[in-house]
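Shown next, in structure tokens, is the structure this report addresses.
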Amino acid sequence: MEARRSQLSFADGFIQEAVEDLWEPWMRHADQALNDDALLTLIQQELMKRCKKSKTRGRKATPVEVILRMMLLKHVRDWSFEILSREVRANLVYREFTRVGGNKVPDEKTMGNLARQIGPELVEKLHKRFVEIAKENRIVAGQKMRLDTTVVETNIHYPTDSTLLGDGVRVLTRLMKRVTQVAGKVGTKLRDRSRSVKLKVLAIARASRNKTKAGQEKMKAAYLKLIAMTSRVVGDARKFSREIAGGTKKGTRKVLQRTKKQLDQMIVRVQRVLHQTRERVIRGNTKTPNKVFSVFEIHTELIRKGKAHKENEFGQLVLVQEAENQIITHYQVCDQRPADSTLFVPALEKHIELFGTAPKAVAADPGFFSAANEAKAEELGVKRISIPSLGTKSKARKEKQKRPWFKELQKWRTGCEGRISVLKRRHGLERSRYKGPDGMKRWVGLGVIADTVIQIGTQLAKQVAT
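So for the sequence shown, my numbering puts the first residue at 228; every next one is plus one.
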């Protein structure tokens, strides 16, 4: 696998000349920043792990610089892989920017397979390198820091217990059908209850619209039948799993073992949904810990940020911290929903790790406030801390929060909310379209990198203009 294309095509010279004056200003300067060997080395080392001899054997793979630039363009424009491939084929500027030139553009399947090889750890390293590039070009110095949190939703439908049970039955039935196709009709026979379960899910949806006592009783009765049906499907799935392990069901070993693993995984998830449904419907307990909100995106959490237009959000909490010139210096996808105040000190320590010194000024919203956080920030060397306190304020505290520098930093802090809005509208961070917890981290990280590349290009263009 080559880091860069070793040989230009005859058409490349014509493309360069034809699009010379068509580049967006940020893109021209970002293109220069992307000519960084360290970035390509990081990706090349990761992709070579697929096969030890991939560097010297086999047909020539897509060059690393093409992979990097194609992935960045995808997240800059918030395109799907299909649209990415089509747009690059049709646009000479994009061909030049991605270094495809006159060569064949990688199709959506190729890009999807390559993208999955770029894990969340590599994405973090790439982002760190982009921050270093911003430092080297004197775009960011780490004199100021602001931070905020947001929710990036997982790509799921609105969760209800009935629809989750329906999803579980559908997947378990599909997996058992696959086993039957491979192993034949031996051992436990498959009984397809999908249609009955679907009808019960629809009946519950209709009954839920009736808020009378009779309507609620009807919905509860439908739920009890749905629980019973789902339990039988889970029981059948467990028998299938045992028979695969015991050798009763025989066939292509790899297919059966892979299907058994998927069965076992889904059985556990559906059992958790059954438990929370019984607790709510039969016992009236709505406070079940560790609720499941999707049998596919199991890492999904229910988060309430106090938004009037969206009371509940289903996804993961993401921390975004910035320095000067709107450069995002660090991001974090939280595995579990923490209090914002617990994220402040680690974020400050991360800033010191990146820049070697504490920022002179820090700004955050009241959710990050605590006396311990302010004391720790002062201990680490922060001169001005602009975090409004919660609750009753002392006279000294009121005077501090009225000072001009405190108010100015709070005005600057609101820019972080604007940056989050840009990430969601321009780069698709409203909802992650990659699967699983690692997919969420990759989606967020690549969206942040895309924004960082645009900001680096924009600031370099301003430097040239002045």
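Yeah, the Cβ is synthetic: ideal placement off N, Cα and C, and Gly gets one too.
Note that the coordinates shown come from a computational prediction; the quantities given were computed from them, not determined experimentally.
Taking C-beta atoms under 8 Å as the contact rule, residue 333 and residue 307 fail to qualify, at a distance of about 14 Å. In the three-state reduction of the DSSP assignment, residue 247 falls in the coil class.
Pairing residue 400 with residue 467 gives a Cβ-Cβ distance that is not under 8 Å. The beta strand (DSSP E) runs lying completely inside the region 354-396 and spanning 3 residues or more are 371-380, given in chain order. With fewer than three CB-CB distances shorter than 8 Å, the region 437-448 does not count as touching the region 372-384.
Here residue 460 carries a helix assignment [DSSP, helix/strand/coil]. Remark: C-beta atoms of residue 647 and residue 305 do not approach each other more closely than 8 Å.
By alpha-carbon distance to residue 272, the top candidate from 253, 249, 303 and 230 is 230. The alpha-carbon of residue 510 is positioned some 16 Å away from that of residue 452. Residue 440 is classed as exposed because its beta carbon has fewer than 16 other beta carbons within 10 Å across all chains shown. The three-state secondary structure of residue 659, taken from DSSP, is coil. In this structure, the CA atom of residue 565 is about 15 Å from the CA atom of residue 597.
Cβ-Cβ distances below 6 Å link residue 546 to 376, 559 and 570 in the same chain, with the five nearest sequence neighbours on each side left out; the list follows chain order. In the DSSP assignment, residue 260 falls within the unbroken alpha helix (DSSP H) covering 252-260. Under the three-state reduction of DSSP, residue 538 is assigned to coil, being neither helix nor strand. With respect to residue 270, residue 294 sits close: the two C-beta atoms are nearer than 8 Å. Scanning its chain for C-beta atoms nearer than 7 Å, with the 5 sequence neighbours on each side dropped, one finds around residue 531 the residues 538 and 539, in chain order. Taking C-beta atoms as the reference points, residue 341 and residue 289 count as a pair closer than 8 Å.
Counted as a single uninterrupted DSSP element, the alpha helix (DSSP H) harbouring residue 628 occupies residues 622-628. When rounded, the separation of the alpha-carbon atoms in residue 609 and residue 588 is 6 Å. Of the other Cβ atoms in all chains shown, 16 or more fall within 10 Å of the Cβ of residue 299; this residue is therefore buried. By the neighbour-count definition (other C-beta atoms within 10 Å, threshold 16), residue 425 is an exposed residue. Residue environment for residue 670: buried (at least 16 other C-beta atoms within 10 angstroms of its C-beta). Proximity to residue 394 across 322, 368, 501 and 331 peaks at 501, based on C-alpha coordinates. By the Cβ neighbour-count rule, residue 455 is exposed, with fewer than 16 other Cβ atoms within 10 Å of its own.
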